[in-house]
Amino acid sequence: MDRRGFSYLLIVLFLPTIIGCGSPGKKSEGTSGRIKIGFLVKQPDEPWFQNEWKFAQQCADSFRFDLVKIGATDGEKVLAAIDNLAAQDARGFVICSPDVRLGPAILAKANNAGLKLMSVDDRFVGADGKFMPEVHHLGISASEIGKAVGRALNDEMRKRGWNIEETALCAATWEELQTARERTDGAIEALTSAGFPKEKVFKAPQKVADIPGAFDAVNILLTQHANVSRWLICGNNDNAVLGAVRAMEGRGYGASNVIGIGINGTDCTVEFQKNKPTGFFASILLAPRRHGFETSQMLYRWIKDGVEPPKETYTTGILITRETYQQVMREQGLL
Numbered sequence: 099m100d101r102r103g104f105s106y107l108l109i110v111l112f113l114p115t116i117i118g119c120g121s122p123g124k125k126s127e128g129t130s131g132r133i134k135i136g137f138l139v140k141q142p143d144e145p146w147f148q149n150e151w152k153f154a155q156q157c158a159d160s161f162r163f164d165l166v167k168i169g170a171t172d173g174e175k176v177l178a179a180i181d182n183l184a185a186q187d188a189r190g191f192v193i194c195s196p197d198v199r200l201g202p203a204i205l206a207k208a209n210n211a212g213l214k215l216m217s218v219d220d221r222f223v224g225a226d227g228k229f230m231p232e233v234h235h236l237g238i239s240a241s242e243i244g245k246a247v248g249r250a251l252n253d254e255m256r257k258r259g260w261n262i263e264e265t266a267l268c269a270a271t272w273e274e275l276q277t278a279r280e281r282t283d284g285a286i287e288a289l290t291s292a293g294f295p296k297e298k299v300f301k302a303p304q305k306v307a308d309i310p311g312a313f314d315a316v317n318i319l320l321t322q323h324a325n326v327s328r329w330l331i332c333g334n335n336d337n338a339v340l341g342a343v344r345a346m347e348g349r350g351y352g353a354s355n356v357i358g359i360g361i362n363g364t365d366c367t368v369e370f371q372k373n374k375p376t377g378f379f380a381s382i383l384l385a386p387r388r389h390g391f392e393t394s395q396m397l398y399r400w401i402k403d404g405v406e407p408p409k410e411t412y413t414t415g416i417l418i419t420r421e422t423y424q425q426v427m428r429e430q431g432l433l
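Here this note's numbering is used: the first residue of the sequence shown is 99, the next is one more, and so on.
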């Protein structure tokens, strides 16, 4: 073989090594040169999570990174999604887990894959049953949101001049999730602190955290307390209160003798659009823009610039009614 042929052979043999060299262990940013992050939600069909995705995508478009939106409705899908993100050379992910007790497993898998992690909405719980402070979190101030519901219930009840002796509180509860429990406990605390009698507070534990679950739980409660003339309603979210309102309608209670106040604000707009008011009086509108846009922005800057997010960030909400919801939701970028 002449010198020219030998040189050509060396180039062919070593070219793949030259092309493939780089910093060992560093995540690729893909052929586009853009950072990629994931956004995993537990209920992708819910308006709240769809809005989170919408605002996360706005963030991705603004900062020019790639966003992978994944619906992870159970533990198996969560762990598979993390593997999928790692295979796509993602650099991190935001997650609202379907089960907060998966926190240790999610953190371990993310660390093993070299992925940065933030939780949103529901905070991870460790094996000891306590929150995991090592995981960066943006969530809702559940207790304060609940207290806002309780204060609003008290204000509207007094505005209507209701007799407390004829009135009771129905709390559609979901005790399995601490965030949910803090919401209903906060509402009860605020209402009783304002002078509402504790013996007139009745809990309706849901077996399933949806409208039918609340409907069934409240139907049982109404059978037990058929002598109550007027009802206040609180719950973990809009759907819990909607289920309670539907159950009460079946027993003859309507807008004149029911005051229901939900939480989320995005699941009740159809109720506000009905020609006649129902017992669903108001909701505390949460901030899906902050939960979608800000978490994505925090994670992106952490990956790109090394700016670590705060360990804990909490958001509050705004009271909306059928008279005010359109204006408020426009201001929040939801309409």
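Where is the CB? At the ideal position from N, CA and C, for every residue including glycine.
Helix, strand or coil at residue i [DSSP, three-state]
i    : result
K301 : strand
L108 : Because the pLDDT of L108 is 32, which lies under 50, any placement of that residue in the model is unreliable, and the question is left without a value.
T422 : coil
A380 : strand
G190 : strand
E144 : coil
C157 : helix
V326 : coil
N362 : strand
F229 : strand
Q223 : Reading the sequence as shown, one finds Val at residue 223 and not Gln. If DSSP states are grouped into helix, strand and coil, V223 belongs with the strands.
L417 : strand
G431 : coil
V356 : strand
G259 : coil
G333 : strand
K374 : coil
G248 : helix
S241 : helix
E406 : coil
F313 : helix
Nonlocal neighbours in the same chain, by C-beta distance under 7 Å from residue i, ignoring five residues either side
i    : result
G358 : I331, V339, A342, V343, G377, F378 and F379
L289 : G248, L251, N252 and L267
A278 : W272 and N334
M255 : T265, L330 and I357
V405 : R399
Nonlocal neighbours in the same chain, by C-beta distance under 8 Å from residue i, ignoring five residues either side
i    : result
K374 : A353
T367 : Y423 and M427
K305 : G311, D314 and A315
Endpoints, alpha helix (DSSP H) assigned at residue i
i    : result
A345 : D336 to G348
D403 : T393 to D403
R281 : Q276 to S291
A211 : G201 to A211
K175 : G173 to A185
Integer Cβ distance of residue i from residue j, believed to fall under 8 Å
i    : j    : result
E392 : L236 : 6 Å
R281 : G227 : With 8 Å as the limit, R281 and G227 do not qualify as a contact, their Cβ atoms being about 19 Å apart.
P386 : T364 : 7 Å
F313 : A269 : Actually they are not in contact, since the Cβ atoms of F313 and A269 sit about 15 Å apart, beyond 8 Å.
A240 : G284 : 7 Å
A207 : R189 : It is worth fixing the name first, because residue 207 is Lys in this sequence and not Ala. Going by Cβ atoms, the distance from K207 to R189 rounds to 15 Å, so no, they are not a contact pair.
Y398 : F191 : Incorrect: roughly 11 Å between the Cβ atoms, too far for contact.
A211 : A178 : Rounded, the Cβ-Cβ distance is 12 Å, inconsistent with contact.
L384 : G415 : 5 Å
Heavy atom of the ligand ATP within 7 Å of residue i beta-carbon
i    : result
V306 : Ligands are entirely absent from the displayed structure, and the ligand ATP is therefore not among its contents.
The beta strand (DSSP E) enclosing residue i, as first and last residue numbers
i    : result
C268 : T265 to T271
K214 : K214 to D219
F137 : K134 to V139
L236 : H234 to I238
G169 : D164 to G169
E410 : E410 to T413
Same chain, Cβ closer than 6 Å to residue i, neighbours up to 5 away in sequence not counted
i    : result
E97  : Nothing about residue 97 can be read from this structure; the chain reaches only from 99 to 433.
N317 : A345
N355 : R328
E141 : Here residue 141 is Gln; the residue named in the question, Glu, does not match the sequence. Taken in chain order, the residues that qualify are F147.
I309 : N337, L340 and G341
K296 : T290
A246 : I382
L320 : R349
Stretch pair the segment 297-305 + the segment 226-235: three plus CB contacts closer than 8 Å:
no
Take every Cβ of the segment 140-157, pair it with every Cβ of the segment 390-407, and state whether three or more of those distances are shorter than 8 Å.
yes
Is it true that the segment 160-176 meets the segment 212-226, where meeting means three or more beta-carbon pairs spaced less than 8 Å apart?
no
Taking three-plus beta-carbon pairs below 8 Å as touching, is the segment 244-258 in contact with the segment 271-278?
no
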